[in-house]
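Participant: What follows is a single structure, and I will ask about it in a moment.
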Amino acid sequence: MISGFVRNGCFEKGVDCYYELVKEGRVRPDFFTYPVVLKACGCLSDGRKIHSWVFKLGYCLDLFVASSLLHMYSRFGFVGDGRRVFDEMSVRDLGTWNAMISGFCQNGKAVEALDVFREMCMEGVKMDSMTVSSILPVCAPLNNLDMGMFAHVYVIKNGLEFDVYVSNALINMYAKFGMLALARSIFDQMMVRDLVSWNSLIAAYEQNSDPIAALGYFVEMKRNGFQPDILTFVSLASIVAQSGDAENSKSVHCCIIKLDLIRGDIFIGNAVVDMYSKLGNIDYAHRVFDGMDNKDVISWNTLITGYAQNGLASEAMEVYKTMRECEMIVPSQGTLVSILPAYSHVGALRQGMKVHGHTVKIGLLSDIYVGTCLIDVYAKCGRLNDAMMLFKQVPRKSSVPWNAIISGHGIHGQGEKSLSLFGEMEEEGVKPDHVTFVSLLSACSHAGLIDQGQQCFKLMQEKYCIQPGLKHFGCIVDLLGRAGHLDMAYDFIKNMPVRPDASVWGALLGACRIHGNVELGALASEHLFEVDVENVGYYVLLSNIYANVGRWEGVDKVRSLVNNRGLKKTPGWSSIEVNNRFGVFYTGNRSHPLSEEIYKELKVLMAKIKNIGYVPDYSFVLQDVEEDEKEQILTSHSERLAIAFGIISTPPKTPIHIFKNLRVCGDCHNATKYISKITEREIVVRDSNRFHHFSNGDCSCGDHW
DNA sequence: TTAGGGTTAG
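For the first sequence, counting from 1, position 398 maps to 398 in UniProt numbering; every step adds exactly one.
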């Protein structure tokens, strides 16, 4: 009767029936009863109760009963208890071994799964197709390609390649090791393919950054009569995002909605949120997120990352705050990795330190990604010593934390230290990657280390066989340009093997601004506006170049270009942390509760610094307005609002740390020098380009506008 | 009369 219930899916009735049987004492359950009841029980405590009865009755030795117990424990995630049952068994068949292996695999215990597999081989038990398809998925997480290839050879020798599960598992395994040709050849040799085979092949190319090939296989799959399922769409969403194909993102989303896939499934919802945010359409991403019936921690992480990667750090922090208010959601490693870069971005040191404390508490400091994000927070918040201390604590066998600490010293102008860290990295046998060299080259250019920078560029190609990308080229242009070798920088661009992008021309334009080269600046901007017509920051740079040499007709020309092209300046904002609270100020904004006091303080400050020699430089105002209004505009630049707020909110002589999303304007740079003098405060401003340490009327960056 | 074991994801 019990098995009748279970066979018909009425598990609860099966268990009830069993309890009644025992209670009434009418029939004594035997070893035929227990496998069925164990299959039916819906919770761990029922399972444990049954285990103790079985134990008392001595049925644990029965192969069927013991296997069912083992399965029950794995099903509830208590695979360790399953292992204990397994160890006590006197007789095991192949199915028992397979159940133990897959029990560990499905509970994320790859090492234990492999241990059981090895024991099985030692005992001379021959594996079958089920063993192979269980063991293959753990090879990649364990980074054990040898094991995967051993299984593959076994498959060929024993004719198991005709099993569709085995071939699918092989495709997935090789794809995870980036061995696409092998994955593809296994797919090609399959006699019978199912939807999983197609999904696996598509995902293989998608995960190895070949969205075009992946899309081709999707089309072929449809041609072969297969209908896409949830997993196909998860890959498709990523394919569209990788190709930057905003048009098709909506079609993919529409299909998902039409097939009614999005409501019940968190996975596909998360994939769509990720797709829109990677395409820069964060509003859509948020809307999809809001419309999801169920959300898990990954849904939140995806949205936070989306905001952070689209440069909207404050919004990312807002989402994180809301997430922390949800009792159901426990932050994961991924949450920390998504929120910490937002803190780095705006210089939210206290918030970062809070997360640091939390990281120590939950034992995640040994995670290289979390550790590296924290190093980055400390470095970008001006705490290089703390960053260094942390660097010594995190595992550093991979290039990731090294890149962060090298770049950290670079943005503070400590290029020599970056170079010596790179030397240590080489000594410790850690292989640098392309990011290491971007960090190194930019460190060299900020510190004016021209020869060393050029040597690094050579080393990267000759010793490490890394082909330079646009970022590396941009660094070299910056390196040469900043040092005044403008013609060399221009020649370098002309000889580049790839088409220069905006960052390369932008580096040249920036160098022309520093060295006052109007002709080359105009030329660079012509190229620049061809590849990026919308970035107003570059127009401002060009205007500065003209203004500096008094070529007002040039300033007017740039101003009308901006107006004719209907360009709007990216709103400038600055942030500051005072008394553990984080404040953001937008240029010209008067909505802050202390706005009146801030503007009053600024008026006093401006008067004082004018007395000691400050003269406003209106060339930084692109708007076509009267002089007194220009002064008004300069005075309400976001960095000044933040500085004034810092001055009125902290005791005298307290250092002030500001973050600005754009470059600090030349007039603010000059004014801040004077402010640091009269207030006797150290003022640190990190802008989108570098750190500026102001103290006693001077700035460490040495730039002159 | 009883059971257990496999492949794809954000």
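Here a beta-carbon is modelled for each residue, glycine too, at the ideal position from N, C-alpha and C.
Using three-state DSSP, classify D577 as helix, strand or coil.
Facilitator: Here residue 577 refers to the residue found at position 577 of the first sequence. As written in the sequence, residue 577 is Glu, which differs from the Asp given in the question. Three-state result, E577: strand.
Participant: Quick one: is K417 buried, meaning 16 or more other Cβ sit within 10 Å of its Cβ, or exposed?
Facilitator: Here residue 417 is taken as the residue at index 417 of the first sequence, counted from 1. Buried.
Participant: Is A271 closer than 8 angstroms to V297 when the C-beta atoms are compared?
Facilitator: What you label residue 297 is simply residue 297 of the first sequence in a count that begins at 1. What you label residue 271 is simply residue 271 of the first sequence in a count that begins at 1. Not in contact: V297 and A271 (Cβ atoms no closer than 8 angstroms).
Participant: Please report the straight-line C-alpha distance between K431 and E462, rounded to a whole angstrom.
Facilitator: As a position in the first sequence, residue 431 is number 431, starting the count at 1. As a position in the first sequence, residue 462 is number 462, starting the count at 1. Straight-line Cα distance between these residues: approximately 14 angstroms.
Participant: Which whole runs of the beta strand (DSSP E) in the stretch 523 to 605 are 3 residues long or more, in chain order?
Facilitator: Fully enclosed beta strand (DSSP E) runs of 3 or longer: 573 to 578 and 581 to 586.
Participant: Using a Cβ-Cβ cut-off of 7 angstroms (strictly less than) and excluding sequence neighbours within five positions of G269, which residues of its own chain qualify?
Facilitator: As a first step, residue 269 must be located in the first sequence, where it is residue number 269. So the qualifying residues of the chain are I262, V288, M292 and S299.
Participant: Go ahead and label W402 buried or exposed: buried means 16 or more other beta carbons lie within 10 angstroms of its beta carbon, across all protein chains shown.
Facilitator: As a first step, residue 402 must be located in the first sequence, where it is residue number 402. Classification for W402: buried.
Participant: Count the other CB atoms within 10 Å of the CB of F162; is the residue buried (16 or more) or exposed (fewer)?
Facilitator: Here residue 162 corresponds to residue number 162 of the first sequence, with the count starting at 1. The residue is exposed, with fewer than 16 neighbouring Cβ atoms inside 10 Å.
Participant: Measure from the alpha carbon of D93 to the alpha carbon of each residue in I514, K126 and F104, then state which is nearest.
Facilitator: For the purposes of this step, residue 93 is identified with residue 93 of the first sequence, where counting begins at 1. Comparing Cα positions, the closest option is K126.
Participant: If you run the structure through DSSP and keep just helix, strand and coil, what is H657?
Facilitator: Mapped onto the first sequence, residue 657 falls at position 657. Correct three-state label for H657: strand.
Participant: Taking the Cβ atom as the reference point for each residue, do I647 and T679 lie within a distance shorter than 8 angstroms?
Facilitator: Here residue 647 refers to the residue found at position 647 when the first sequence is read from its first residue. Here residue 679 refers to the residue found at position 679 when the first sequence is read from its first residue. Yes.
Participant: Looking at the secondary structure, which residues open and close the alpha helix (DSSP H) in which S68 lies?
Facilitator: Counted from its first residue, the first sequence places residue 68 at position 68. Per DSSP, S68 belongs to the alpha helix (DSSP H) from L63 to R75.
Participant: For C444, which three-state DSSP category applies?
Facilitator: Here the question's residue 444 lines up with position 444 in the first sequence. If DSSP states are grouped into helix, strand and coil, C444 belongs with the helices.
Participant: Am I right that R551 and V518 are in contact with their C-beta atoms under 8 angstroms? What's the rounded C-beta distance?
Facilitator: As a working note, residue 551 is residue 551 in the first sequence. As a working note, residue 518 is residue 518 in the first sequence. The pair is a contact, with the Cβ atoms about 7 angstroms apart (cut-off 8 angstroms).
Participant: If distances are taken between C-alpha atoms only, which option among V498, V584 and K569 comes closest to Y538?
Facilitator: As a first step, residue 538 must be located in the first sequence, where it is residue number 538. With distances taken between Cα atoms, Y538 lies closest to K569.
Participant: Along the chain, where does the alpha helix (DSSP H) that runs through I156 open and close?
Facilitator: Against the first sequence, residue 156 aligns to sequence position 156. L145 to K157 is the span of the alpha helix (DSSP H), which, as asked, contains I156.
Participant: Any chance the CB of L231 is under 7 angstroms from a heavy atom of the ligand FMN?
Facilitator: This structure simply doesn't include the ligand FMN, nor any ligand for that matter.
Participant: On the criterion of 16 or more Cβ atoms from any shown chain inside 10 Å, does V400 qualify as buried, or is it exposed?
Facilitator: Looking up residue 400 in the first sequence gives position 400. Burial call: buried.
Participant: Whole angstroms is fine: what's the gap from E627's alpha carbon to L634's?
Facilitator: Residue 627 sits at position 627 when you count from the first residue of the first sequence. Residue 634 sits at position 634 when you count from the first residue of the first sequence. Cα to Cα, E627 sits roughly 11 angstroms from L634.
Participant: Look at the alpha carbon of I171 and the alpha carbon of A213, and state the distance between them as a whole number of angstroms.
Facilitator: Within the first sequence, residue 171 is the residue found at index 171, counting from 1. Within the first sequence, residue 213 is the residue found at index 213, counting from 1. So the alpha carbons of these two residues sit roughly 16 angstroms apart.
Participant: Excluding sequence positions up to five away, which residues of its chain have a Cβ less than 7 angstroms from the Cβ of N661?
Facilitator: Stepping through the first sequence from its first residue, residue 661 is reached at position 661. Result list for N661: G572, W573 and S688, in chain order.
Participant: Do the stretch 462 to 476 and the stretch 431 to 449 meet, that is, are 3 or more Cβ pairs less than 8 angstroms apart?
Facilitator: Contact between the stretch 462 to 476 and the stretch 431 to 449 is present, because at least three Cβ pairs lie under 8 angstroms.
Participant: Can the beta-carbon of Q242 be found closer than 8 angstroms to that of P211?
Facilitator: Translated into positions along the first sequence, residue 242 becomes position 242. Translated into positions along the first sequence, residue 211 becomes position 211. Contact flag set, yes.
Participant: Put V196 into one of helix, strand or coil per three-state DSSP.
Facilitator: Position 196 of the first sequence, counted from the start, is the residue given in the question as residue 196. Helix, per DSSP.
Participant: Assuming F529 and M496 form a contact by the criterion Cβ under 8 angstroms, report the distance between their Cβ atoms to the nearest whole angstrom.
Facilitator: Position 529 of the first sequence, counted from the first residue, corresponds to residue 529. Position 496 of the first sequence, counted from the first residue, corresponds to residue 496. Rounded, the Cβ-Cβ distance is 19 angstroms, inconsistent with contact.
Participant: Roughly how many angstroms lie between the CA atoms of F64 and A183, to the nearest whole one?
Facilitator: As a first step, residue 64 must be located in the first sequence, where it is residue number 64. As a first step, residue 183 must be located in the first sequence, where it is residue number 183. For F64 and A183, the distance between alpha carbons rounds to 38 angstroms.
Participant: With a Cβ-Cβ cutoff of 8 angstroms, do G453 and L421 count as a contact?
Facilitator: The residue given as residue 453 occupies position 453 in the first sequence. The residue given as residue 421 occupies position 421 in the first sequence. For G453 and L421, no; Cβs fall outside 8 angstroms.
Participant: Assuming G415 and A447 are in contact, meaning their beta carbons sit under 8 angstroms apart, how far apart are those beta carbons, in whole angstroms?
Facilitator: As a first step, residue 415 must be located in the first sequence, where it is residue number 415. As a first step, residue 447 must be located in the first sequence, where it is residue number 447. G415 to A447, Cβ: 3 angstroms. Contact.
Participant: Can you check which of these residues, V531, Y599 and D667, is closest to N589 by C-alpha distance?
Facilitator: Position 589 of the first sequence holds residue 589. Considering only alpha carbons, the answer is Y599.
Participant: Distance check for G423 and D433, CA to CA, integer angstroms please.
Facilitator: On the first sequence, residue 433 is found 433 positions in, with the first residue counted as 1. On the first sequence, residue 423 is found 423 positions in, with the first residue counted as 1. When rounded, the distance between both Cα atoms is 14 angstroms.
Participant: Between which two residues does the beta strand (DSSP E) holding V498 run?
Facilitator: Looking up residue 498 in the first sequence gives position 498. Taken as a continuous stretch (DSSP letters only), V498 belongs to no beta strand (DSSP E), as it is neither H nor E.
Participant: At what residues does the beta strand (DSSP E) containing V685 begin and finish?
Facilitator: What you label residue 685 is simply residue 685 of the first sequence in a count that begins at 1. Unbroken beta strand (DSSP E) run through V685: I683 to R686.
Participant: When you compare the stretch 152 to 162 with the stretch 115 to 134, are there three or more beta-carbon pairs, one atom per stretch, that lie closer than 8 angstroms?
Facilitator: As far as the Cβ criterion goes, the stretch 152 to 162 touches the stretch 115 to 134, which means the pair count is three or higher.
Participant: Does the distance from the CB of P652 to the CB of E682 come in under 8 angstroms?
Facilitator: Counted from its first residue, the first sequence places residue 652 at position 652. Counted from its first residue, the first sequence places residue 682 at position 682. It is not a contact, given that the beta carbons lie outside the stated cut-off.
Participant: What would DSSP say about residue 720, mapped onto helix, strand or coil?
Facilitator: Since the first and last residues shown for the chain are 1 and 705, residue 720 lies out of range.
Participant: In this structure, does DSSP put D698 in helix, strand or coil?
Facilitator: As a first step, residue 698 must be located in the first sequence, where it is residue number 698. It is a strand residue.
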